[in-house]
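Data block below; observations after.
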Amino acid sequence: MSKIILHIEDIKREFVMGSETVRALKGVSFNVNEGEFVTIMGSSGSGKTTMLNILGCLDKPTSGKYLLDDVDIMHLNRNELAKLRNLKIGFVFQSYNLLPRTTALENVELPLFYNSTVTSEERKERALKALQSVKLADRADHTPNQLSGGQQQRVAIARALVNNPVMILADEATGNLDTRTSYEIMSLMQDLNAQGKTIVFVTHEPDIAAFSSRTVMLRDGKVQKDTSNENKRVAKEALESLPVSDDY
Amino acid sequence: MGIFNLIKLALRALQRNKLRAFLTMLGIIIGVAAVIAMMAIGQGSKESIQSSLSSMGSNMITVFPQSNQPMGGARMGGSSFQTLTLADVTAIKRGAADVRNVSPLASSSGQSIKGGNNWPTQIQGIDTGYLEIRQLQIKDGIMFSESDVASSAKVCILGQTVITNLFPNGENPIGQIIRFNKIPMQVIGTLVPKGASSFGQDQDDVILAPYSTIMKRITASIYIQQLYASATSAAASDNPTKEITTILEQTHRIREGEDDDFQIRTQAELMTTLNSTSSMLTVLLTSIAGISLLIGGIGIMNIMYVSVTERTREIGLRMSIGARGIDILMQFLIEAIMISITGGVIGVGLGLISSQLIKSLAHWPILVSESSIILSFLVCGLTGIFFGYYPAQKASRLDPIEALRYE
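Protein chains in written order, with our numbering: chain L, 1129 to 1376; chain S, -1 to 405.
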């Protein structure tokens, strides 16, 4: 049996807004094993974003238990959480969040700057390797405004890979992209998953969820459905089946 | 994140907003340049006062006669008191160990005449040690001797101003006979010009002669106007003052509790007074310059707040990939320090240039001290830390979730 990367048990998260208490998560439990490709789905207001923030160790649940790679995050302070994010999580955002006027290579290097055990040579080497794995090594010197949206997102994925995280956490990573580019990104994600990376992908598009091996459906702060995807779509094939776009 | 990377990061951030960074620096640049220039002027004037005082003889002690009579009745100016005599000079010569030279001063004003030229001046009757006390030097000819003093010889030494007025055609005055108040005197030497004193008095408008000559032939008095002495060293000028006071109190038979009928002044006292005036001026000028540094610092604070707000998303991203609060704090703090230090470097350069300009254009005495440069750098660094800290702290305390979603 493969290792449990995420262990979530009866997680609740409440926000106090003035006199009202908003209960965003009302007791969520699930596990994610190593090598899984999980999508977390849900409509707006389902607690999807709150769940993502907690999974990304940016926020702590009000109650419940969350183990990330056997580390209990409930007892960690701000700095320890930062260190945990640095070592164990690779973020991919909807809006890429690359630093402007900074080359692709330097953007990818960024997480390693906050890891004092990585030397500057090692940092460069690992960043270049991460860029190679998203097939953008030849664009290493380009700044984000010289790259297309899909390329920018691939740089962001390289940045998420560079610290060898136990989990890649993607937040609507295809939300800003057209269908073809979305499929390209999903194809890349599937490749990474095939290499053994654990991926948690938050989305509201069922179309995208179809590429994953398992879907956790949130609704009103609870897990509505947790199903493994028997007939997973292969992104490469989906890409080929798209009509060839005409130049007009 | 290592300090080297932080500096690189800060430099790049500043490079992106060159004009903005420069305008922010401008406050610091002007402040530092002003501090450097003001301190240079202050130090320079202090130095020039000191050197002009020591040219008068920095270990010089002057004794003036003074009235010790109770208030009331007709009161007269200091020079009309008659309390000092040659006996005092002899007593000091004999009794004061820390005094090197003593000379009486018996002076008189009058008209000096040579042929068709005349000039109103002062004749000073002195002893041979006077030259050393006042740090005067003979230019041409010789100084009169002990035997000239003993025989009340009618010889004199002329200051440059007197020479110019009595010998307008540039004749050699040595050996010539001039008259002072109808007394004929032979010129045996001339003095090296000294220029005006720090009080604007022409130190070259003088005729020197043996005190015995003046007292016998001109003032016709047993009293002298002043008594000059020099301490063995400038540092020891406290001791000789005490010695002279004790000796004069004895010779003048002044009982304990009675006021002295003389007054002693040293150059050290004068120097203290003048120094405190120029220090006050320096403090005043420097604090005005300091205020502009403060305003520069506020400018840094302002622009750092803008920078933090502008880069909220970047801060959120950095936090989400593992930057701790301290990493963000250092990033912005170092950026602020870079602005202030760079401003400081340019400011020091500008300050040095403007100091030189003041020197060469306005001919003011200028002295740039290393301490003022070091001080400016220190103040700059502290300004950067002080005014950069709050914006940096604000950045470090941002919530990564909100920072990432900031529009």
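Here a beta-carbon is modelled for each residue, glycine too, at the ideal position from N, C-alpha and C.
Just checking, does the stretch 387 to 399 of chain S make contact with the stretch 340 to 359 of chain S on the three C-beta pairs under 8 Å criterion?
The way I'd put it, the stretch 387 to 399 of chain S doesn't touch the stretch 340 to 359 of chain S; fewer than three beta-carbon pairs between them come closer than 8 Å.
S/Ala218 burial status per 10 Å Cβ neighbour count (16 or more: buried)
Taking the second sequence and counting its residues from 1, one reaches residue 218 of chain S at position 220. The residue is exposed, with fewer than 16 neighbouring Cβ atoms inside 10 Å.
In terms of residue numbering, what span does the alpha helix (DSSP H) encompassing S/Ser65 cover?
The residue labelled residue 65 of chain S in the question sits at position 67 within the second sequence. Per DSSP, S/Ser65 belongs to no alpha helix (DSSP H) and is neither H nor E.
Alpha helix (DSSP H) runs wholly inside the stretch 1231 to 1310 of chain L, at least 4 long, in chain order:
Entirely contained in the stretch 1231 to 1310 of chain L, the alpha helix (DSSP H) runs reaching 4 residues are, in chain order, 1232 to 1241, 1248 to 1261 and 1277 to 1289.
Anyone know if the C-beta pair for S/Gln223 and S/Leu103 falls short of 8 Å?
Residue mapping note: residue 223 of chain S aligns to position 225 of the second sequence, counting from 1. Residue mapping note: residue 103 of chain S aligns to position 105 of the second sequence, counting from 1. In contact: S/Gln223 and S/Leu103 (Cβ atoms closer than 8 Å).
Starting from the beta carbon of L/Ala1210, find every residue of chain A whose beta carbon is closer than 7 Å, and list them in chain order.
Considering every chain present, this structure includes no chain A. Its protein chains are L and S.
Tell me, please, which residues DSSP counts as bridged to S/Arg403.
Start at 1 with the first residue of the second sequence, and residue 403 of chain S comes out as number 405. S/Arg403 is bridged by DSSP to nothing; it lacks a bridge partner.
Give the C-beta separation of L/Val1236 and L/Asp1299 to the nearest angstrom, bearing in mind that I take them to be a contact with Cβ-Cβ under 8 Å.
As a first step, residue 1236 of chain L is located in the first sequence; it is residue number 108 there, counting from the start. As a first step, residue 1299 of chain L is located in the first sequence; it is residue number 171 there, counting from the start. About 18 Å; that fails the 8 Å criterion.
On the three-pair Cβ rule with 8 Å, is the stretch 202 to 218 of chain S touching the stretch 43 to 52 of chain S?
Between the stretch 202 to 218 of chain S and the stretch 43 to 52 of chain S, the count of Cβ pairs shorter than 8 Å is below three; the stretches do not touch.
Tell me whether L/Asn1359 is buried or exposed, calling it buried when 16 or more other Cβ atoms sit within 10 Å of its Cβ.
Here residue 1359 of chain L refers to the residue found at position 231 of the first sequence. By the 10 Å Cβ count, L/Asn1359 comes out exposed.
Applying the criterion that 16 or more other CB atoms from any shown protein chain within 10 Å of the CB defines a buried residue, is L/Glu1234 buried or exposed?
Residue mapping note: residue 1234 of chain L aligns to position 106 of the first sequence, counting from 1. For L/Glu1234, the number of other beta carbons within 10 angstroms of its own is at least 16, and it is reported as buried.
Mind checking the stretch 1341 to 1367 of chain L against chain S and listing, in chain order, the residues whose C-beta falls within less than 8 Å of any C-beta there?
Flagged: no residues at all.
Residues near S/Ile335 in its chain [Cβ-Cβ closer than 7 Å; skip 5 each side]
The sequence position of residue 335 of chain S within the second sequence is 337, counting from 1. The residues Gly379, Gly382, Ile383 and Gly386, in chain order, have a CB closer than 7 Å to that of S/Ile335 in the same chain once the five nearest residues on each side in sequence are set aside.
Return the first residue and the last residue of the alpha helix (DSSP H) that L/Val1372 is part of.
Your numbering for residue 1372 of chain L matches position 244 in the first sequence. For L/Val1372, no alpha helix (DSSP H) encloses it, and the DSSP letter there is neither H nor E.
Would you mind stating whether S/Ile332 and S/Ile26 have Cβ atoms separated by less than 8 Å?
Residue mapping note: residue 332 of chain S aligns to position 334 of the second sequence, counting from 1. Residue mapping note: residue 26 of chain S aligns to position 28 of the second sequence, counting from 1. Not a contact, by the Cβ cut-off of 8 Å.
Less than 8 Å separating the beta-carbons of S/Gly341 and S/Val33?
Along the second sequence, one-based indexing puts residue 341 of chain S at 343. Along the second sequence, one-based indexing puts residue 33 of chain S at 35. Contact annotation: S/Gly341 and S/Val33 have beta-carbon atoms that are not nearer than 8 Å.
Whole angstroms is fine: what's the gap from L/Glu1137's alpha carbon to L/Asp1197's?
Along the first sequence, read from residue 1 onward, the residue named residue 1137 of chain L stands at position 9. Along the first sequence, read from residue 1 onward, the residue named residue 1197 of chain L stands at position 69. Taking the straight line joining both Cα atoms gives about 14 Å.
Using the beta-carbon count (16 or more within 10 Å), is S/Leu21 buried or exposed?
Indexing the second sequence from 1 puts residue 21 of chain S at position 23. It counts as exposed.
Quick one: residues in its chain with C-beta nearer than 6 Å to the C-beta of L/Phe1165, no 5 flanking neighbours on either side, listed in chain order?
For the purposes of this step, residue 1165 of chain L is taken as the residue at position 37 of the first sequence. Closer than 6 Å at Cβ, skipping near neighbours: Asn1321, Ile1327, Ser1340 and Ser1341.
Starting from the N-terminal side, write out each stretch of the alpha helix (DSSP H) that is 4 residues or longer and does not extend beyond the stretch 1309 to 1355 of chain L.
Within the stretch 1309 to 1355 of chain L, the runs of alpha helix (DSSP H) that reach at least 4 residues and sit entirely inside it are, in chain order, 1334 to 1337.
Alpha-carbon to alpha-carbon, S/Thr126 and S/Lys214
Your numbering for residue 214 of chain S matches position 216 in the second sequence. Your numbering for residue 126 of chain S matches position 128 in the second sequence. In this structure, the straight-line span from the alpha carbon of S/Lys214 to that of S/Thr126 is close to 17 Å.
Report the three-state DSSP secondary structure of S/Thr408 (helix, strand or coil).
The structure shown does not extend to residue 408 of chain S, since chain S is modelled only from -1 through 405, so no value can be given for it.
Cut-off 8 Å between Cβ atoms - residues of its own chain near S/Ile161, not counting five sequence neighbours on either side
On the second sequence, position 163 is the one that residue 161 of chain S refers to. Cβ neighbours of S/Ile161 within its own chain (closer than 8 Å, five residues either side excluded): Pro171 and Thr188.
On the criterion of 16 or more Cβ atoms from any shown chain inside 10 Å, does L/Gln1392 qualify as buried, or is it exposed?
Limits of chain L in this structure are 1129 at one end and 1376 at the other, which puts residue 1392 of chain L out of reach.
Alpha-carbon spacing of S/Ala19 relative to S/Arg309, whole angstroms
On the second sequence, position 21 is the one that residue 19 of chain S refers to. On the second sequence, position 311 is the one that residue 309 of chain S refers to. Taking the straight line from one Cα to the other gives about 16 Å.
Under 6 Å Cβ to Cβ from S/Leu431, same chain only, skipping five residues before and after it: list those, please.
Nothing about residue 431 of chain S can be read from this structure; chain S reaches only from -1 to 405.
How about L/Asn1304: is its C-beta nearer than 8 Å to some C-beta of chain S?
The sequence position of residue 1304 of chain L within the first sequence is 176, counting from 1. Answer no: the Cβ-Cβ gap between L/Asn1304 and chain S never drops below 8 Å.
At a Cβ threshold of 8 Å, is L/Asn1292 touching chain S?
Translated into the one-based positions of the first sequence, residue 1292 of chain L becomes position 164. For L/Asn1292, no Cβ of chain S is located within less than 8 Å of the residue's own Cβ.
Within chain L, the residues that S/Arg14 reaches when beta carbons sit closer than 7 Å
For the purposes of this step, residue 14 of chain S is taken as the residue at position 16 of the second sequence. Near S/Arg14 (Cβ distances below 7 Å), the residues of chain L are Arg1229.
Could you work out which residue in S/Ile339, S/Ala227, S/Ala401 and S/Val366 is closest to S/Thr307 when comparing CA atoms only?
The residue labelled residue 307 of chain S in the question sits at position 309 within the second sequence. Nearest option by C-alpha distance: S/Ala401.
Counting Cβ pairs closer than 8 Å, one from the stretch 176 to 192 of chain S and one from the stretch 150 to 158 of chain S, do we hit at least three?
Yes, the stretch 176 to 192 of chain S is in contact with the stretch 150 to 158 of chain S.
Am I right that S/Thr81 and S/His250 are in contact with their C-beta atoms under 8 Å? What's the rounded C-beta distance?
The residue labelled residue 81 of chain S in the question sits at position 83 within the second sequence. The residue labelled residue 250 of chain S in the question sits at position 252 within the second sequence. That belief holds up - the Cβ atoms of S/Thr81 and S/His250 are roughly 7 Å apart, short of 8 Å.
Quick check: is the beta carbon of S/Glu312 nearer than 8 Å to any beta carbon in chain L?
The residue you call residue 312 of chain S lines up with position 314 of the second sequence. S/Glu312 counts as touching chain L.
Taking the continuous beta strand (DSSP E) assigned at S/Cys154, which residues delimit it?
If you number the second sequence from 1, residue 154 of chain S lands on position 156. If you look at S/Cys154, you'll find it in the beta strand (DSSP E) that goes Val153 to Leu156.
Taking buried to mean at least 16 other C-beta atoms within 10 Å of its own C-beta, is L/Arg1229 buried or exposed?
Counting from one through the first sequence, the residue named residue 1229 of chain L turns up at place 101. Under this definition L/Arg1229 is an exposed residue.
If we ignore side chains and look at the alpha-carbon of each, how far apart do S/Ile298 and S/Leu24 end up?
Here the question's residue 298 of chain S lines up with position 300 in the second sequence. Here the question's residue 24 of chain S lines up with position 26 in the second sequence. Roughly 10 Å between the two C-alpha positions.
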